[in-house]
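Below is one structure, written out as structure tokens; comments come after it.
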Amino acid sequence: KAGVTQTPRYLIKTRGQQVTLSCSPISGHRSVSWYQQTPGQGLQFLFEYFSETQRNKGNFPGRFSGRQFSNSRSEMNVSTLELGDSALYLCASKHRAGTQYFGPGTRLLVL
Amino acid sequence: DQQVKQNSPSLSVQEGRISILNCDYTNSMFDYFLWYKKYPAEGPTFLISISSIKDKNEDGRFTVFLNKSAKHLSLHIVPSQPGDSAVYFCAASVDAGKSTFGDGTTLTVKP
């Protein structure tokens, strides 16, 4: 079974721009979660989608949004980028409950 | 309020010895706990998990211990190998819902 894939792997943007990251979960997994990891920090939960519905949301500003498609693929969007948004963005999928499996991440650099 | 804490940012161990990584939590509702290992530039990889109905789970060189009364879990790696050098995250969830992660502990195993 193919693992979780994320595109792009690396991205450079400037302040004020917006960005869309993509995540394809493991086949059959309907839950997709997004996390932000900054240097020295743990994994900060952004949101979780299940069957195209946002099931949980973390404490991030409204500039961070996401969606899930009928094939369980998910996208995350960040508008009006700030320098502090530079981070590794991780996507994880799971079947319904239990263990999450992570993708390799998208490293975003905001200049 | 950080609900999952890994108080040791780093740990250094000699090859062949035991590595003990610790994690404390505050939410008594957590009933499922996981450990992930993360190498640089990769997403976290699931290592081992434990349900709150158990106090120990073992998988090869890895053993997780759960002390519910102390709200504490630990990961033991015996014997430690240089390839175990990575960042280790503990995570906790309620009813297999969204996971809350600690900030991670960087383990260095010296040959």
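Residue numbers (the working numbering), protein chains in the order written: chain A, 25 to 135; chain B, 30 to 140. Glycine included, every Cβ here is placed at the ideal spot set by N, Cα and C. Only a predicted model underlies this, so the values are computations on that prediction, with no experimental measurement involved.
Residue-chain proximity (leucine 63/B, chain A), Cβ-Cβ < 8 Å: Closer than 8 Å to some Cβ of chain A, the Cβ of leucine 63/B qualifies, so yes.
Any C-beta of chain B under 8 Å from that of glycine 122/A: yes
Integer Cβ distance of glycine 133/B from glutamine 35/B, believed to fall under 8 Å: 6 Å
Local conformation of glycine 108/A per DSSP, three classes: helix
Contacts of tyrosine 73/A in chain B (Cβ-Cβ under 8 Å): Within chain B, no residue comes near tyrosine 73/A; the closest Cβ sits about 11 Å away, beyond 8 Å.
C-beta neighbour in chain B for proline 85/A, strict 8 Å: no
Exposed unless 16 or more other CB atoms sit within 10 angstroms - verdict on tyrosine 125/A: Counting the other CB atoms within 10 Å of its CB gives tyrosine 125/A a total of 16 or more, which places it among the buried residues.
Listed by chain order, chain A residues near glycine 133/B by CB distance under 7 Å: Gly66
Euclidean distance between Cα positions of isoleucine 150/B and phenylalanine 88/A: Beyond the ends of chain B as shown, which are 30 and 140, falls residue 150/B; an answer cannot be given.
Members of the stretch 37–68 of chain A that neighbour chain B once the beta carbon cut-off is set at 7 Å: Ser57, Gln65, Gly66 and Leu67
Leucine 132/A at chain B interface by Cβ criterion, 8 Å: no
Residue range of the unbroken beta strand (DSSP E) whose run includes aspartate 53/B: 48–54
Below-8 Å beta-carbon distance, lysine 127/B vs any chain A residue: Interface flag for lysine 127/B against chain A is set, since a Cβ pair is found closer than 8 Å.
Between the CA atoms of glycine 40/A and valine 5/A - distance to the nearest angstrom: In the structure as shown, chain A starts at 25 and stops at 135, and residue 5/A therefore has no counterpart that could be examined.
Pairwise C-alpha distance: cysteine 47/A and histidine 119/A: 15 Å
Same chain, Cβ closer than 6 Å to histidine 101/B, five either side skipped, listed in chain order: Cβ within range, chain order: Asp53.
Environment of glutamate 76/A [buried if 16+ CB atoms lie within 10 Å]: exposed
Residues that proline 224/A contacts on chain B, provided the C-beta gap is smaller than 9 Å: Given that chain A is displayed from residue 25 to residue 135, the structure contains no residue 224/A and the question cannot be resolved.
Proximity of valine 93/B and isoleucine 82/B at Cβ, strictly below 8 Å: no
Own chain residues within Cβ distance below 6 Å of valine 42/B, not counting five before or after: Ser48, Ser109 and Val138
Through-space distance from glycine 131/B to phenylalanine 93/A, alpha-carbon basis: 30 Å
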